[in-house]
Amino acid sequence: MSFRRSHGGGGEGQVEEDHTVDITTRILTANNGSNEILLEGDILLPKSRNAIKCQSYQSCLWQKDNNGLVTVPFTISSEYSSGERQLIRNALQSFHSQTCVRFVDRKNQNDYISIESQNGCFSFVGRQGGKQVLSLNRQGCVYFGVVQHEVNHALGFQHEQTRSDRDYYVRINWENIDPQMAYNFDKQDTNNLNTPYDYSSIMHYERTAFSINGRETITPIPNPNVQIGQRQGMSYWDIRRINLLYGC
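For the sequence shown, numbering that gives the first Met the number 0 assigns the number 0 to the initial residue and increments by one for each residue that follows.
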């Protein structure tokens with residue numbers, strides 16, 4: 000299952016999306032040179048809690064209402080064009096038809112996501128409390144799949160290749176990784192929700208992420224020819240995991 004970029008009525012800033020480019024490649028390219036301290040390329044670290052164990056904390060999840068829906072208030076900065084704002088809204092609304100998550104315009108809620116054009120594409124993992132910035136820089140991040148990727152972080156999800164069981168499914172080629180970036184490939188103590196490793200997850204980085212020599216840093220095993228990463232949008236298991244995590 001995948002999504003194509005929606006054009007939102009042909010407003011300003013709408014262009015055809017090139018699906019030959021991996022979503023995570025877009026993210027890492029946009030974040031190259033960012034002055035933010037980012038884990039794994041696009042994760043903001045909270046000051047008071049280990050972001051990597053967010054799925055173990057109920058406090059990291061967005062609140063489920065009595066009607067069974069998970070409400071996530073948000074705001075979108077006025078610095079985006081009308082077309083960019085519509086694309087972001089369309090990406091948020093893509094969660095509505097397949098999960099119990101509902102993104103709603105913030106009124107006076109204390110906890111909310113503030114979508115802003117800061118220096119790159121990045122997000123916290125899970126609900127932080129209060130105003131929570133999710134950055135989508137206008138110059139490289141306003142793409143349907145990139146929005147979905149960063150929103151998945153905000154809902155509590157991490158990158159697929161850092162799963163606790165990843166060594167059964169991918170080989171990390173440490174010799175091809177910039178030593179200063181090797182920490183981005185550390186395995187995490189993740190809650191995998193009893194779901195299979197998903198090579199096609201929107202949260203899976205592409206083969207040459209953080210490469211120092213252009214060679215593969217991530218190789219699928221036992222079949223090295225399996226395609227990894229996404230060029231369009233959420234996979235079946237991305238959607239399924241949202242429903243499992245939030246009890247939809």
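In this text, a Cβ means the ideal position worked out from N, Cα and C, and glycines have one as well.
Taking the straight line between their C-alpha atoms, what separation do you get for residue 21 and residue 74? So the alpha carbons of these two residues sit roughly 27 Å apart.
Would you verify that the beta carbon of residue 203 is, or is not, closer than 8 Å to some beta carbon of chain D? The chain labelled as chain D is not found in the depicted structure, where only one protein chain is given.
Same chain only: Cβ atoms within 6 Å of residue 170, ignoring 5 sequence neighbours per side: Cβ-Cβ distances below 6 Å link residue 170 to 218, 220 in the same chain, with the five nearest sequence neighbours on each side left out; the list follows chain order.
First through last residue of the beta strand (DSSP E) which encompasses residue 21: That residue, residue 21, is in no beta strand (DSSP E); it is neither H nor E in DSSP.
Using a threshold of 8 Å, state whether the C-beta atoms of residue 159 and residue 200 are closer than that. Closer than 8 Å, so yes.
Helix, strand or coil for residue 37 per DSSP? Residue 37: strand per DSSP, three-state reduction.
Decide if residue 197 is buried, meaning its Cβ has at least 16 other Cβ atoms within 10 Å, or exposed. By the Cβ neighbour-count rule, residue 197 is buried, with 16 or more other Cβ atoms within 10 Å of its own.
Bridge partner(s) assigned by DSSP for residue 111: In the DSSP output, where bridge partners are listed per residue, residue 111 has 130.
In the structure shown, what three-state DSSP assignment does residue 51 receive? Here residue 51 scores only 49 on pLDDT, less than 50, and its place in the model is too uncertain to base an answer on.
Which residues in the same chain as residue 151 place their Cβ atom closer than 8 Å to its Cβ, once the five residues preceding and following it in sequence are excluded? The beta carbon of residue 151 sits closer than 8 Å to those of 201, 202, 233, 237, 241, all from its chain and outside the five residues before and after it, given in chain order.
Under the DSSP definition of a beta bridge, which residues are partnered with residue 73? Paired residues: 104, 112.
Here's the rule: buried if 16 or more other CB atoms are within 10 angstroms of the residue's CB, otherwise exposed. What is residue 230? Residue environment: residue 230 is assigned as buried (16 or more neighbouring CB atoms within 10 Å of its CB, all protein chains considered).
How many whole angstroms separate the CB atoms of residue 100 and residue 133, which I take to be in contact at a CB cut-off of 8 Å? With a Cβ gap of about 14 Å, residue 100 and residue 133 do not count as contacting.
So, is residue 176 buried or exposed, given that buried needs 16 or more other C-beta atoms within 10 angstroms? Flag for residue 176 reads buried.
For residue 88 versus residue 116, is the C-beta distance shorter than 8 Å? Going by C-beta atoms, residue 88 is not nearer than 8 Å to residue 116.
With a threshold of 16 other CB atoms inside 10 Å of the CB of residue 26, please say whether the residue is buried or exposed. By the neighbour-count definition (other C-beta atoms within 10 Å, threshold 16), residue 26 is a buried residue.
Just confirm the distance between the C-beta atoms of residue 123 and residue 45, as a whole number of angstroms; I'd bet it's less than 8 Å. About 6 Å separates the two Cβ atoms, so the contact holds.
Run through the DSSP bridge pairs and tell me what residue 91 is partnered with. Its beta-bridge partners do not exist; DSSP assigns none.
Could you give the DSSP three-state label for residue 84: helix, strand or coil? Looking at residue 84 - three-state DSSP - the assignment turns out to be helix.
6 Å CB neighbourhood of residue 140 in its chain, flanking five on each side removed: Cβ neighbours of residue 140 beyond the five flanking positions: 29, 120.
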